Amino acid sequence: MSVLFYVGAVLIVIGALCDLFGALGLLRFPNFYVRMHAATVGIIGGAAVPLFGVALLALGADFLHHRYAIAGASFITGVIVLLASPAGSHALAYAAHKAKLVQRPEIDHLAEVRGDD
Amino acid sequence: MSLESQFFLLMKFVIPIYLLAFILYAVRAFKGPTIVDIVLAVDCLSFDVAAFMAILAVYFRSVFLVSGAMILALWGYLLDIYIAKHLVSREVGA
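These protein sequence lines map, in sequence, to chains A and B.
Each step along the first sequence adds one to the number in our numbering, with nothing skipped, and position 42 is 28.
Each step along the second sequence adds one to the number in our numbering, with nothing skipped, and position 10 is 1202.
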């Protein structure tokens, strides 16, 4: 069972690094539409991947007392993050374009297709 | 070297990386120029606190932290949807 422990540990380390890089990108990128890329790295790579990693690690850990409860709940939370984050980010990007909040997007294909400016 | 001491050695490397990422997200959430930047940073922060609470549930050997993580992930989605609804139609309703 300790193979599951090591796979989960590797997934947690990958998730922590993706989280750090997503945070750096969210701080450094120039405008909102570019920052959404860093937010995707920070949410999917930095929250969904370590949640699946915690599920595998808790299944393989012999020292935990409630390991099946922790594994199942963190797997469900990972699926929730994987479904809810793209829907929320898409709604937020649509709202930012509709309310014209971002100052100067250099390329705006959506406004050209719709015919408004 | 037992499995438990290997886990605590892993946590010595993982927990400072997560805390540094929380600080960077909080900086963007405080200085974001528009409201969608603030909402996006708070969204990232809540999903990452959810993942960090699942890690802390293994660290402290407690089941109850994971149910809080589930509620926190659902709350981040709800915040996105309500702010987007308010920005599109200038009202929050059904």
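The beta-carbon is built from N, C-alpha and C at its ideal position, and this holds for glycine as well.
No experiment lies behind these values; they were computed from the predicted model shown.
Just tell me which of the options has its CA closest to the CA of residue i.
i: Ala36 (chain A); options: A:Asp94, A:His95, A:Leu6; result: Looking at the sequence shown, residue 36 (chain A) is not Ala but Pro. Looking at the Cα atoms, A:Leu6 is the closest of the given residues.
i: Ser1194 (chain B); options: A:Leu78, A:Ala47, A:Ala55; result: A:Ala47
i: Thr1226 (chain B); options: A:Glu98, A:Ile62, A:Leu96, A:Lys86; result: A:Lys86
i: Ser1281 (chain B); options: A:Val(-4), A:Gly28, A:Tyr80; result: A:Tyr80
i: Ala70 (chain A); options: B:Phe1200, B:Asp1272, B:His1278; result: B:Asp1272
i: Phe(-9) (chain A); options: A:Ala55, A:Thr63, A:Phe38; result: A:Phe38
i: Ala77 (chain A); options: B:Val1228, B:Met1245, B:Ala1233; result: B:Val1228
i: Phe1199 (chain B); options: A:Lys84, A:Glu92, A:Phe49; result: A:Phe49
i: Gly1 (chain A); options: B:Ile1230, B:Ser1197, B:Ala1246; result: B:Ala1246
i: Gly58 (chain A); options: A:Ala44, A:Ala25, A:Ile(-2); result: A:Ala44
i: Ile62 (chain A); options: B:Ile1215, B:Ala1233, B:Ser1259, B:Ile1209; result: B:Ser1259
i: Ser75 (chain A); options: A:Val(-4), A:His23, A:Ala(-5); result: A:His23
i: Leu68 (chain A); options: B:Gly1224, B:Glu1283, B:His1278, B:Met1262; result: B:Met1262
i: Glu1196 (chain B); options: B:Arg1253, B:Ala1242, B:Ile1207, B:Val1241; result: B:Arg1253
i: Met(-13) (chain A); options: A:Ile(-2), A:Ala33, A:Ile29, A:Arg53; result: A:Arg53
i: Cys4 (chain A); options: A:Ala25, A:Gly101, A:Lys84; result: A:Ala25
i: His1278 (chain B); options: B:Val1255, B:Leu1211, B:Val1231; result: B:Val1231
i: Leu1287 (chain B); options: B:Phe1244, B:Ala1276, B:Glu1283; result: A query on residue 1287 (chain B) cannot be resolved here, the shown segment of chain B reaching from 1193 to 1286 and no further.
Given residue i, which residues of its chain have a CB within under 6 Å of its CB, disregarding the five upstream and five downstream residues?
i: Val40 (chain A); result: Ser60
i: Ile56 (chain A); result: Ala44
i: Leu1170 (chain B); result: The question about residue 1170 (chain B) has no answer, for chain B in this structure spans 1193 to 1286.
Residues in the same chain with beta-carbon distance under 8 Å from residue i, minus the five sequence neighbours each way, listed in chain order, please.
i: Val88 (chain A); result: Asn17, Phe18, Tyr19, Ala82
i: Val1250 (chain B); result: Phe1199
Quick one: is residue i near chain B, going by C-beta distance under 9 Å?
i: Gly101 (chain A); result: no
i: Ile62 (chain A); result: yes
i: Leu42 (chain A); result: no
i: Val88 (chain A); result: yes
i: His51 (chain A); result: yes
i: Ile(-2) (chain A); result: yes
i: Ala97 (chain A); result: no
i: Leu10 (chain A); result: yes
i: Ile93 (chain A); result: no
i: Val20 (chain A); result: no
Using a Cβ-Cβ cut-off of 9 Å, state whether residue i counts as contacting chain A.
i: Phe1214 (chain B); result: yes
i: Phe1222 (chain B); result: no
i: Val1258 (chain B); result: yes
i: Met1193 (chain B); result: no
i: Lys1277 (chain B); result: yes
With a CB to CB cut of under 7 Å and the five nearest residues on each side skipped, what residues in its chain are close to residue i?
i: Val(-7) (chain A); result: Leu42
i: Val1241 (chain B); result: Leu1264
Closer than 8 Å: is that where the CB of residue i sits relative to any heavy atom of the ligand NAD?
i: Phe1199 (chain B); result: The ligand NAD is not among the ligands present in this structure, which contains no ligands whatsoever.
What are the complete beta strand (DSSP E) segments, minimum 3 residues, inside the segment 3 to 90 of chain A?
-> With a minimum length of 3 residues, no continuous beta strand (DSSP E) run stays inside the segment 3 to 90 of chain A.
Sufficient close CB pairs (3 or more, under 8 Å) joining the segment 1265 to 1275 of chain B to the segment 1227 to 1240 of chain B = yes
Touching or not, the segment -5 to 14 of chain A and the segment 1208 to 1225 of chain B, by the rule of three or more beta carbon pairs under 8 Å?
-> The way I'd put it, the segment -5 to 14 of chain A does touch the segment 1208 to 1225 of chain B; three or more beta-carbon pairs between them come closer than 8 Å.
Tell me the start and end of each unbroken alpha helix (DSSP H) in the segment 1198 to 1281 of chain B that is at least 4 residues and wholly inside, in chain order.
-> 1227 to 1252, 1256 to 1281
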